[in-house]
Amino acid sequence: MFKFRSERLALVARSVSLAALLCSSALVFAQTPGRPATPAEIKAWDIDVRPDFKGLPAGSGSVARGQQVWEAQCESCHGAFGESNEVFTPIVGHTTKADMKAGRVAALAKDSVPQRTTLMKLSELSTLWDYINRAMPWNAPKTLTTEEVYAVTAYILHLGDIVPADFVLSDKNVRDVQALLPNRNGKIAKQFMWGVADKPDVQGSSCRVNCDPKVELTSRLPDYARNAHGNLAEQMRLIGGVRGADTTQPAPSSFVAGANRAAASSAKPPSNLGNAPNPTKLAQQHACLACHGVDNKMVGPSLKDIHAKYKTVKDSAALLATKIKAGGSGVWGSVPMPAQAHVPDADIRAMAEWIAKGDFK
Amino acid sequence: MSTPFNRLGRLQKAPEFFLTKDVLATKGDERRAFLRNAFVAAGGVAAATASSSMFAQAAAATSGDPAILNLPAHSKGLGAPVAAKGYGTPSKHEENLQRRESPGLTRVGAASVSFAPLQGFFGIITPSGLHFERHHQGFWDIDPRDHRFMVMGQVKNPKVYTMDDLMRLPSISRMYFIECGANTGMEWGNVAVPTVQYTHGMLSCCEYTGVPLKWLLDDCGIDLKKAKYILAEGADGSGMTRTINLKNALDDVMVAYGMNGEMLRPENGYPLRLVVPGVQGVSWVKYLRRIEVGDKPFGSKDEVIHYVDLMPDGTHRQYTSIQEVKSVITTPSGGQVLLDKGYYNVTGIAWSGRGKIRRVEVSVDGGKNWKDARLETPVLDKCLTRFNFDWTWNGSETILQSRATDSTGHVQPTMTQLRAKRGSRSIYHNNAIQSWLVSANGEVSNVQVS
């Protein structure tokens, strides 16, 4: 079906348009690749909402309805008031009435808050709506109805004291609400660093000799953080001109040639390739840890809490395996855990035994 | 006599530079013969002087090295058969080199990043299994037979392509770096992490195979009078979306399915991702399902709420995209220990989202003096370039740095120069010169200098 000529290939490399290629005698498809997209297909996927609200579906949702959705589907990660820092950075906080007037969040110019909340950064209402619509809830994105998206958006705005408790957000009043956003004027949306020819805002020095006569150390890791990223000897190759520093020990006081050679070579025996599955890795691999922390409650209960609840139950591993596979809700609250039928039985069993044993180290 | 070993401590030139002007004037076979002879001669001398090499071998003091005197099992037994592993994996002795998370950086593994172990890489290509990861809502292994790619918006003929359609088209293969905009982002305020894996490991470089986006936009009849931007959208839960201006989209942006000679890995967007050369990784949308052609920026969540650079006056820069000129020494680097005094090959990588690397300079005195490093070929557009530099460690404390200049004349700035303009809270686009302190005890650590 293809018929190439070498000189045409050379042209391809110079990005001749596909249309031209398809028309040329050198490259012949029975028909052009791809097919027309149907209106229904475009509608199904064209979900983005632009800052000028192009793409926003008609509809509305109340703060009150938003609170219901929030408590059922959002609160477990984001906290009752959108202030939680447990799983994600906070959504609500540190915006004021004065900010709403100015359209600039004053706290951003100072180092006065530990971290920026979503409402501090939000310059476009459309972005918040689109974010919730396309990516929330975290473990079941794109499952909210249009009304629910309006409602949750309204509820967040209410938590931020931007709209009142009896507010109903709709496609008719989004522009009015946009004009209330505390940080609507806090952006530089110029296409910074887009073009290769754009002038950089910071240029380095080209000095090569006697450039900066005094060099002062301004920052280094404190000694107590020496092993904070794990033993670095186990993160470097075992051969070559250097080794990883053994950070389980204090730094040596003086240089000893080859000192770390022996230490690093025996730092970690090759691991259990092909041996028993590592349940921590399995829990990561199957995204269990996306909702269950080992120590902390996130979307679902922590593994330690599950262990504590079932440790006195006879053959708790078998019970847990069944529960993992089937999913369910009610035991730990209303947020449902989806069925995990796609996870191999052996992996489920290994993780269930791990949780039953409670040996999370 | 001058050999690569007994001349240690002086600047070594690359073999090519041993050629005199006369030799350079000769051509083809003649010159190759000269090089061959030169290497044979050098090799002979090296072997003869090996016993006096600085690389002390403790065993030489006894009757000999047990690793030589006692034949190992692999010399006296039968090894494994072919196809023992249908898909090969690295030696178990290389297990230390893993993608790793930075403790405390994120709280949920499905919205996190794993860093590539740059300290262990050679050359410029990142092994696919060690490519850094950034997932916003977990990664998937999508059945490619069910994947669809749509082009719509300001086009005459909105179209849907299957993977079959895309892979039937003529393809191109290109090598590009990909760097997360937040790479080195933890270091804006002060030193926060110990090794180059964590300071610079949101960086990888691969050969991508796919179709130029321009062909597909043309195929759908893009309306060049109205079109100014495109939106790229992923099929994953986060529905990643980024705006790309039309000039870039029509230049070197690719719709790619291949990576390093095989299909993309699931972690990197299997079966289809956008490749946006020189631009931060978030724009390289994975699991690419849709391109919308439009006339205004789209203001997506990762353009308004995330990936915004906070400036000292409290404004946010949105749509910052190009990864500017940058370099880092990967050995010796933070968390490593020098085994001996004497010669070291200081090696590292340099890159620029604006074009090619023109020059890399290395300072072994904390930035007072700079000398050119050797750039190893190939030196490609918006691709990593490997550099090497000969250095002799005399046992005293010093600071190693590298500084890159790109083909547009942009020079990599110091941390001080960056902070003067952008403050220390912007998270993104930190392309500062990296400083590694070599202490007298042989340990190398991450530091910042003024």
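From first to last, the protein sequence lines are chains D and P. Per this note's numbering, the very first residue in the first sequence carries number 14; after that it's consecutive. Per this note's numbering, the very first residue in the second sequence carries number 659; after that it's consecutive. Using N, Cα and C, we set each Cβ at its ideal position, and we do this for glycine too.
Proximity winner among the options, relative to residue i (alpha-carbon distances)
i, options, result
"residue 181(D)", "270(D), 50(D) and 74(D)", "74(D)"
"residue 241(D)", "856(P), 913(P) and 1055(P)", "856(P)"
"residue 835(P)", "985(P), 807(P), 821(P) and 771(P)", "985(P)"
"residue 992(P)", "771(P), 739(P), 1106(P) and 781(P)", "1106(P)"
"residue 68(D)", "138(D), 109(D) and 126(D)", "138(D)"
"residue 764(P)", "107(D), 122(D), 102(D) and 236(D)", "102(D)"
"residue 229(D)", "872(P), 1102(P), 1099(P) and 1093(P)", "1093(P)"
"residue 126(D)", "113(D), 107(D) and 227(D)", "107(D)"
"residue 337(D)", "299(D), 98(D) and 86(D)", "299(D)"
"residue 350(D)", "311(D), 269(D) and 359(D)", "311(D)"
"residue 926(P)", "901(P), 903(P), 892(P) and 951(P)", "892(P)"
"residue 829(P)", "898(P), 915(P) and 1045(P)", "915(P)"
"residue 1087(P)", "818(P), 768(P), 918(P) and 844(P)", "844(P)"
"residue 61(D)", "146(D), 188(D), 169(D) and 88(D)", "146(D)"
C-beta neighbour in chain P for residue i, strict 8 Å
i, result
"residue 230(D)", "yes"
"residue 200(D)", "yes"
"residue 217(D)", "yes"
"residue 142(D)", "no"
"residue 186(D)", "no"
"residue 53(D)", "no"
"residue 268(D)", "yes"
"residue 26(D)", "Below a pLDDT of 50, predicted positions are generally treated as unreliable, and residue 26(D), at 41, falls in that range; the measurement from the model is reported next regardless. It does; some Cβ of chain P falls within 8 Å."
"residue 242(D)", "yes"
"residue 294(D)", "no"
"residue 209(D)", "yes"
"residue 64(D)", "yes"
"residue 89(D)", "no"
"residue 78(D)", "no"
"residue 158(D)", "no"
DSSP-derived helix/strand/coil call for residue i
i, result
"residue 367(D)", "helix"
"residue 332(D)", "helix"
"residue 834(P)", "strand"
"residue 950(P)", "strand"
"residue 824(P)", "helix"
"residue 112(D)", "helix"
"residue 732(P)", "helix"
"residue 305(D)", "strand"
"residue 704(P)", "Annotation note: pLDDT 39 at residue 704(P) (below 50); position unreliable, coordinate value reported separately. Reduced to three states, the DSSP call for residue 704(P) is helix."
"residue 1049(P)", "strand"
Residue-chain proximity (residue i, chain D), Cβ-Cβ < 8 Å
i, result
"residue 816(P)", "yes"
"residue 997(P)", "yes"
"residue 661(P)", "With a pLDDT of 45 at residue 661(P), under the threshold of 50, the modelled position of this residue cannot be trusted, and the question is left open."
"residue 1092(P)", "no"
"residue 1028(P)", "yes"
"residue 808(P)", "yes"
"residue 834(P)", "no"
"residue 1019(P)", "yes"
"residue 763(P)", "no"
"residue 1012(P)", "yes"
"residue 804(P)", "no"
"residue 889(P)", "yes"
"residue 720(P)", "no"
"residue 1079(P)", "yes"
C-beta atoms of residue i and residue j nearer than 8 Å
i, j, result
"residue 371(D)", "residue 320(D)", "yes"
"residue 172(D)", "residue 95(D)", "yes"
"residue 1011(P)", "residue 1029(P)", "no"
"residue 142(D)", "residue 166(D)", "yes"
"residue 808(P)", "residue 50(D)", "yes"
"residue 812(P)", "residue 989(P)", "no"
"residue 981(P)", "residue 961(P)", "no"
"residue 923(P)", "residue 772(P)", "no"
Closer than 7 Å: residue i CB and nearest the ligand PLP heavy atom
i, result
"residue 1102(P)", "Ligands displayed in this structure: none; no statement on the ligand PLP is therefore possible."
The stretch 178-193 of chain D in contact with the stretch 61-74 of chain D per 3-pair CB rule at 8 Å: yes
Three-pair Cβ contact test at 8 Å for the stretch 1045-1061 of chain P versus the stretch 998-1005 of chain P: yes
The stretch 324-338 of chain D in contact with the stretch 351-366 of chain D per 3-pair CB rule at 8 Å: yes
Touching by the beta-carbon criterion (3+ pairs, under 8 Å), the stretch 1063-1074 of chain P and the stretch 951-967 of chain P: no
Contact the stretch 900-920 of chain P vs the stretch 934-944 of chain P: 3+ CB pairs below 8 Å: yes
Positions along the stretch 245-268 of chain D whose CB lies within less than 9 Å of some CB in chain B: Included in the structure are the protein chains D and P, with no chain B among them.
Inter-stretch contact at 8 Å, needing at least 3 Cβ pairs: the stretch 236-256 of chain D / the stretch 1004-1020 of chain P: no
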